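Trainee: Per our numbering, residue 3 is the first one in the sequence shown, and the count goes up by one each step.
Heads up, the beta-carbon is just placed ideally off N, CA and C, and yes, glycines get one too.
All values derive from a computational prediction rather than experimental measurement.
Mind looking over this structure? Questions follow.
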Amino acid sequence: MKSRILHIDDDPAMLKVVAAVLSRDPDLETRGCLSAEEGVRAAAEWLPDLILSDVSMPDVDGVQFLEELRNQPITMSIPVVFTTACGRFDDISDFRSLGASGIIAKPFNLRELISSVRGYLELAAAAVDEAESLPDVEIRDRFREDAALLRELREPFESGAAPDGLRHVAHKLVGVAGIYGFATISAAAAEVERALKQVVHHAGSRADVVSRLDELLDLLDQNSGLRPD
């Protein structure tokens, strides 16, 4: 069975060249969309194995597109790789903290594009296999422990304490929840981490962090005894 690759980019020429390159691999099937809105609909209908998405797009950008996917149960677990001219370490870390699987830097090295796509497909398949083999009881205990720690840190943070402790717990939770297949919790933890980072850079409010933290705590409570997404 062919692996399905959905590509989102507002540049028709970019869609055309990527489709042409990926079509050289007989095991890949591609579909292109010119907007994030179209991409959200296509993802829900086609259920691709991997999504390539530009970051800088009009109306709805790549980050907002990813958030839309993560808010829908049918698309929340589809791996997304951003295609972007940004390639600094900070950019990669920021995108991954939002729930992206990684980036493929523009301009593309067309000779390496297929191998890059295949690499991300293999990572996604390995993550699914690993999640299926992990014991549920351990992650339920971890969710309870993290929820207790987050609640313990919440009040001091509201009173002006440094965000380091909260940020550390949220960052770890992004990864472990994702590995176990709890995409919603992973995405919510990433939102808390991003809001905390804005506070550190004096670009966000503590109230926003607390609001996102409460949403994360609700999810942890709801899923501490349930199966993954």
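Mind reading off the beta-carbon distance from phenylalanine 49 to glycine 101? Whole number of angstroms is fine, and I expect it under 8 Å.
Mentor: Here residue 49 is taken as the residue at index 47 of the sequence shown, counted from 1. Here residue 101 is taken as the residue at index 99 of the sequence shown, counted from 1. The question names phenylalanine, but residue 49 is leucine in the sequence shown. That pair is no contact at about 18 Å.
Trainee: What are the boundary residues of the beta strand (DSSP E) that leucine 8 is part of?
Mentor: Walking along the sequence shown from the start, residue 8 turns up at place 6. 5–10 is the span of the beta strand (DSSP E), which, as asked, contains leucine 8.
Trainee: Rounded to whole angstroms, what's the CA-CA distance from aspartate 29 to phenylalanine 110? Just pull it up for me.
Mentor: Taking the sequence shown and counting its residues from 1, one reaches residue 29 at position 27. Taking the sequence shown and counting its residues from 1, one reaches residue 110 at position 108. Using only the alpha carbons, I get a separation of about 20 Å.
Trainee: Are three or more beta carbon pairs between the region 111–119 and the region 184–193 nearer than 8 Å?
Mentor: They do not touch, by the three-pair rule.
Trainee: Pick from Arg26, Lys4, Val42 and Ser25: whose alpha carbon is nearest that of aspartate 11?
Mentor: If you number the sequence shown from 1, residue 11 lands on position 9. For aspartate 11, the nearest C-alpha among the options comes from Val42.
Trainee: Going by C-alpha distance, which of Lys18, Met78 and Ser25 is nearest cysteine 35?
Mentor: For the purposes of this step, residue 35 is taken as residue 33 along the sequence shown, with counting starting at 1. Looking at the Cα atoms, Lys18 is the closest of the given residues.
Trainee: Output the boundary residues of the alpha helix (DSSP H) element that contains valine 62.
Mentor: On the sequence shown, position 60 is the one that residue 62 refers to. Per DSSP, valine 62 belongs to no alpha helix (DSSP H) and is neither H nor E.
Trainee: Nearest-angstrom Cα distance between methionine 3 and aspartate 51?
Mentor: Working through the sequence shown from its first residue, we reach residue 3 at position 1. Working through the sequence shown from its first residue, we reach residue 51 at position 49. Roughly 11 Å separates the two Cα atoms.
Trainee: In chain order, what residues of the same chain lie with their CB nearer than 7 Å to the CB of alanine 179, ignoring the 5 residues before and after it?
Mentor: For the purposes of this step, residue 179 is identified with residue 177 of the sequence shown, where counting begins at 1. Contacts found: Ile187, Ser188 and Ala191.
Trainee: Does threonine 32 come within less than 9 Å of chain C when only Cβ atoms are used?
Mentor: In summary, chain C is missing from the structure at hand, where a single protein chain is found.
Trainee: Given glutamate 70, which residues of its chain have a CB within under 6 Å of its CB, disregarding the five upstream and five downstream residues?
Mentor: Within the sequence shown, the letter at position 68 stands for residue 70. So the list reads Val42, once near-sequence residues are dropped.
Trainee: What is the rounded straight-line gap between the Cα of tyrosine 182 and the Cα of valine 20?
Mentor: Residue 182 sits at position 180 when you count from the first residue of the sequence shown. Residue 20 sits at position 18 when you count from the first residue of the sequence shown. Taking the straight line joining both Cα atoms gives about 32 Å.
Trainee: Please state whether DSSP places phenylalanine 91 in a helix, a strand or coil.
Mentor: Numbered from 1 along the sequence shown, position 89 holds the residue referred to as residue 91. At phenylalanine 91 the pLDDT is 45, less than 50, meaning the model places this residue with poor confidence; the figure from the coordinates comes in the next sentence. Three-state DSSP puts phenylalanine 91 in a helix.
Trainee: Round the Cβ separation of glutamate 31 and arginine 6 to the nearest angstrom and send it over; I've been treating them as touching at under 8 Å.
Mentor: Locating residue 31 in the sequence shown gives position 29, counting from the first residue. Locating residue 6 in the sequence shown gives position 4, counting from the first residue. Contact holds; Cβ gap of about 5 Å.
Trainee: Rounded to whole angstroms, what is the Cα-Cα separation between histidine 204 and alanine 172?
Mentor: Within the sequence shown, numbered from 1, the residue matching residue 204 stands at position 202. Within the sequence shown, numbered from 1, the residue matching residue 172 stands at position 170. If I take the Cα positions, the gap works out to 19 Å.
Trainee: The beta strand (DSSP E) spanning glycine 34 covers which residue range?
Mentor: Position 32 of the sequence shown, counting from 1, holds the residue named residue 34. It spans 30–35 - the beta strand (DSSP E) in which glycine 34 sits, taken as one unbroken run.
Trainee: What is the DSSP secondary structure of glycine 167, reduced to helix, strand or coil?
Mentor: Position 165 of the sequence shown, counted from the start, is the residue given in the question as residue 167. It is helical.
Trainee: Measuring CB to CB, does isoleucine 53 end up less than 9 Å from valine 82?
Mentor: Here residue 53 refers to the residue found at position 51 when the sequence shown is read from its first residue. Here residue 82 refers to the residue found at position 80 when the sequence shown is read from its first residue. Yes. Within cutoff.
Trainee: For arginine 113, count neighbouring Cβ atoms within 10 angstroms of its own Cβ and tell me buried if that reaches 16, exposed if not.
Mentor: For this step, residue 113 is matched to residue 111 along the sequence shown. When all chains shown are included, arginine 113 counts as exposed.
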